[in-house]
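Top to bottom, those sequences are chains A and B. Numbering-wise, the first sequence is residues 1019 to 1361 according to my numbering. Numbering-wise, the second sequence is residues 5 to 197 according to my numbering. Here is the structure we will look at, set down as structure tokens.
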Amino acid sequence: MRCKEVIRRINNSVAPDSEMREHIKSCPACARAFKAASILNNALKSEKEKSIETTPFAEIRSRIIRKTAEKKKESIMSIMKNQINRRSGLVTGLSLAVIVFLFITLVPFSYTTTVGYDLVYANLNEANITPGQLPRALAALGYEDAGIEFDGGNCLISGLPDKQAAREVAIAVKALTGFQADPQIRPITGVVSGSLFAQVREKLHIEVETEGKSDQQIADEIRQKLATVYTNPTVTVTTSGGERQITMDINDSGVNVAGDSTRDVKRIELHVGDTDNISFETPAGVSCANLDIEGMTDAEIEAAVRAKLAEEGENVESVDITTNADGKKEIKIKVEKEETSGN
Amino acid sequence: MNMDNELFWKLLEPIHPKAESFCRKLTGNRDDGDDLYQEAIIYAMSRFATLKNTAAFQPWLFRIIINSFKNRQRTPWWTRITLRPNIDESSVKIDPLAQYDSRRWLNRALTSLSPEDKAMIILYEIDGWPIGELVSIFKKPEGTIKARLWRARRKMRKKLESHLSGPSVKGDIKTDVSVGGKYALQRSDSKDK
Chain A
1019 MRCKEVIRRI NNSVAPDSEM REHIKSCPAC ARAFKAASIL NNALKSEKEK SIETTPFAEI
1079 RSRIIRKTAE KKKESIMSIM KNQINRRSGL VTGLSLAVIV FLFITLVPFS YTTTVGYDLV
1139 YANLNEANIT PGQLPRALAA LGYEDAGIEF DGGNCLISGL PDKQAAREVA IAVKALTGFQ
1199 ADPQIRPITG VVSGSLFAQV REKLHIEVET EGKSDQQIAD EIRQKLATVY TNPTVTVTTS
1259 GGERQITMDI NDSGVNVAGD STRDVKRIEL HVGDTDNISF ETPAGVSCAN LDIEGMTDAE
1319 IEAAVRAKLA EEGENVESVD ITTNADGKKE IKIKVEKEET SGN
Chain B
5 MNMDNELFWK LLEPIHPKAE SFCRKLTGNR DDGDDLYQEA IIYAMSRFAT LKNTAAFQPW
65 LFRIIINSFK NRQRTPWWTR ITLRPNIDES SVKIDPLAQY DSRRWLNRAL TSLSPEDKAM
125 IILYEIDGWP IGELVSIFKK PEGTIKARLW RARRKMRKKL ESHLSGPSVK GDIKTDVSVG
185 GKYALQRSDS KDK
């Protein structure tokens, strides 16, 4: 008899015949298996024969009724404790969620962001301004900490907290001095420390309900929201074949998009389905390039713009330069954005 | 609600001894078994209103016991205490040492099984439930139950085998052969009935 057959018989609790006994005597592995089966059979048999005294039914009944009455009186804390013990997986998940939340909101990371704005006036001399007039104006506007520097015919007003402040100061300077040239609003970047949540919040989140609204109404609404951060943004919304295209020209330099050829304009294009809701984010600090294009041809300007934006890591798709009837140049720059999904 | 409770106790009374001893066998000791029984009864009471057919009370209650046992087995490792097989003094009547020994081997073998297989083996092999009742408790076809019982027994045997040392086995064969053979014959007798 072979081992395989012996093991099969052992597994099926077949009574051993003489041939099987002979094999078991000569094969230690089968002997061990047979012994294990015998022990198991004996143990099951002895457990089967054993009589276990049970608790009287009345006792069990009263014990359970008492227990259920006590359970009703359990405090909130003990219920929570029981739940924690019973649902350890859920508690672990919640704890992890809390840890992740705290990590996102509390743990600081260094990142680069716009920390303030400078106003740069070309050809504005100290002589054009009454002494003390500018500091007083800044103080009156609430920007006492702003610095004023005159250097080689240029005027620099630094340390303005946000773009709105820079615009207010620009208007004040224009009114005080009668100096009509627009200043350059220069964002100052710096490395700050903040949580991941703070970093995300620095992006401008725009959400617009589109249900029952025309393209023009949607465009107006987006424009209104963009105007809280950017100057004179232009927004066009077109719908064709169930797809909606949103084109935004965002100018971060504080002047009209088409009014100044030395400023840089960012075009953001979004393609979204015909949904009831549009939601997207734009970077709060759109970089501002400053180019001196005097005497340059259109081709040279385009090359200069591309070179400048490439320096800033932007991927320029197209640069269109047109000259208006009044002789001013209009530069439209289309920048490829990786993350511009609305749906 | 009170009417329901009365009916619950009425249905529980005849199967109470079976259910209580099943809990003790599942957990391997009296105290844990009584805790499990109590926990299962409290849960069953709270869910009694969902039982549509009172004729199915027994398999329903045993299913609750098995599920409660499975939940207990899922407790985290740091709160789990390995309990040694303990002898229920009141039930030991003849040979305490032999009984202790067989219980020890049985507990060792049962550790190789999943909670559900353990319950199946206890109900079938120890409490002598017919396959038909196991079908109503585990809600599995008869063939599946039989196959699982066969596999569970094989697992238990292999577990015990791993605890047996090779050389010392040979000397004991003679006695075991007779015991094993006798039991095997008894099993086939009882199945024929």
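Idealized CB from N, CA, C, for every residue including glycine.
key: Own chain residues within Cβ distance below 8 Å of Leu117 (chain B), not counting five before or after   = Contacts found: Ile125, Ala156, Lys159, Met160.
task = Can you check the region 116-142 of chain B for any alpha helix (DSSP H) of at least 4 residues that lies completely inside it and give the ranges in chain order?
result = The region 116-142 of chain B contains these whole alpha helix (DSSP H) runs: 119-125, 135-142.
key: First through last residue of the alpha helix (DSSP H) which encompasses Gly1107 (chain A)   = 1106-1124 is the extent of the alpha helix (DSSP H) around Gly1107 (chain A).
message = Which of the three DSSP states is assigned to Tyr47 (chain B) in this structure?
response = Assignment of Tyr47 (chain B) by DSSP, reduced to helix, strand and coil, places it in the helix class.
Closest Cα partner of Gln77 (chain B) within the set B:Lys56, B:Tyr47, B:Gly37, B:Pro21 = Nearest C-alpha to Gln77 (chain B): B:Gly37.
Top-ranked residue by Cα proximity to Ser50 (chain B), from A:Ser1113, A:Thr1086, A:Arg1262 = Ranked by Cα distance from Ser50 (chain B), the options A:Ser1113, A:Thr1086, A:Arg1262 are led by A:Thr1086.
key: Nearest neighbour of Pro21 (chain B), chosen from A:Asp1163, A:Glu1071, A:Ala1049, A:Ala1051 [CA to CA]   = The residue with the shortest Cα to Cα distance from Pro21 (chain B) is A:Glu1071.
inquiry  = If I follow the unbroken beta strand (DSSP E) through Leu1137 (chain A), where does it start and stop?
reply    = 1127-1139 is the extent of the beta strand (DSSP E) around Leu1137 (chain A).
task = Determine, using beta carbons only, whether Gly1064 (chain A) and Ser106 (chain B) come nearer to each other than 7 Å.
result = Note that residue 1064 (chain A) is Ser in the sequence shown, not Gly. Yes.
task = Output yes if chain B places a C-beta closer than 7 Å to the C-beta of Ser1213 (chain A); else output no.
result = Under the 7 Å criterion on CB atoms, Ser1213 (chain A) is classed as non-interfacial with respect to chain B.
ask   = What's the call for Tyr1139 (chain A), buried or exposed, on a 16-neighbour Cβ count within 10 Å?
value = Burial call: buried.
request  = Closer than 7 Å, Cβ to Cβ, to anything on chain B: give me those residues from the region 1031-1055 of chain A, in chain order.
outcome  = Against chain B - using a Cβ distance shorter than 7 Å - the residues of the region 1031-1055 of chain A are Ser1031, Val1032, Ala1033, Pro1034, Arg1039, Ile1042, Lys1043, Pro1046, Ala1049, Arg1050, Ala1051, Phe1052, Lys1053, Ala1054, Ala1055.
task = Taking only beta-carbon positions, decide if Ser1258 (chain A) is within less than 7 Å of chain B.
result = With 7 Å as the cut-off, Ser1258 (chain A) does not count as an interface residue toward chain B.
inquiry  = Give me the residue from A:Ile1166, A:Ser1211, A:Glu1225, A:Leu1142 with the minimum Cα distance to Tyr1135 (chain A).
reply    = Scanning A:Ile1166, A:Ser1211, A:Glu1225, A:Leu1142 for the CA closest to the CA of Tyr1135 (chain A) turns up A:Ile1166.
ask   = Would you say Trp64 (chain B) reaches chain A, if we count a Cβ-Cβ gap shorter than 7 Å as a contact?
value = At a cut-off of 7 Å between beta-carbon atoms, Trp64 (chain B) makes no contact with chain A.
message = If I measure Cβ to Cβ from Arg152 (chain B) and keep anything under 7 Å in the same chain, skipping five residues before and after, which residues do I get?
response = Around Arg152 (chain B), the same chain offers Asp121, Met124 as residues with beta carbons nearer than 7 Å, after the five sequence neighbours per side are excluded.
query = Going straight from the alpha carbon of Thr54 (chain B) to that of Ala60 (chain B), what length do you get?
reply = Rounded to the nearest angstrom, the two C-alpha atoms are 12 Å apart.
key: Spatial neighbours of Met1314 (chain A) in its chain, beta-carbon cut-off 8 Å, leaving aside the 5 residues before and after   = Counting only Cβ-Cβ distances below 8 Å, and skipping sequence neighbours, we find Ala1322.
task = Report the neighbours of Arg1084 (chain A) on chain B: residues whose CB is nearer than 9 Å to its CB, in chain order.
result = Correct list: empty, because the minimum Cβ distance to chain B is about 11 Å.
task = Using a Cβ cut-off of 7 Å, pull out every chain B residue sitting near Glu1077 (chain A), in sequence order please.
result = For Glu1077 (chain A), no chain B residue has a Cβ inside 7 Å of its Cβ, as the nearest lies near 10 Å away.
request  = Give the interface partners of Ile69 (chain B) over in chain A, defined as CB-CB distance under 8 Å, in chain order.
outcome  = Residues of chain A passing the Cβ test: none, with the nearest at roughly 14 Å.
query = Counting contacts by CB-CB distance shorter than 7 Å, is Ser1064 (chain A) in contact with chain B?
reply = Yes, its Cβ sits closer than 7 Å to a Cβ of chain B.
task = Could you tell me which of A:Thr1254, A:Lys1053, A:Glu1261 sits nearest to Leu168 (chain B), measuring between CA atoms?
result = The candidate whose alpha carbon is nearest that of Leu168 (chain B) is A:Lys1053.
ask   = Since Val1255 (chain A) contacts Ile1264 (chain A) with CB under 8 Å, what's their CB separation in whole angstroms?
value = About 5 Å; that satisfies the 8 Å criterion.
query = So is Val1209 (chain A) buried or exposed if we call it buried at 16+ other beta carbons inside 10 Å?
reply = It counts as exposed.
ask   = When the Cα of Ser1128 (chain A) is compared with those of A:Ala1216, A:Cys1045, A:Met1038, A:Lys1243, which residue comes out closest?
value = Among A:Ala1216, A:Cys1045, A:Met1038, A:Lys1243, the Cα nearest to that of Ser1128 (chain A) is on A:Ala1216.
query = What residue range is occupied by the uninterrupted beta strand (DSSP E) comprising Gly988 (chain A)?
reply = Absent from the structure is residue 988 (chain A), since the part of chain A shown begins at 1019 and ends at 1361.
C-beta contact flag for Ala1184 (chain A) and Leu1137 (chain A) at 7 Å = Cβ distance < 7 Å, so Ala1184 (chain A) and Leu1137 (chain A) count as in contact.
request  = Would you decide whether Cys1173 (chain A) is buried or exposed? Buried here means 16 or more other CB atoms lie within 10 Å of its CB.
outcome  = Its Cβ being crowded by 16 or more others within 10 Å, Cys1173 (chain A) is buried.
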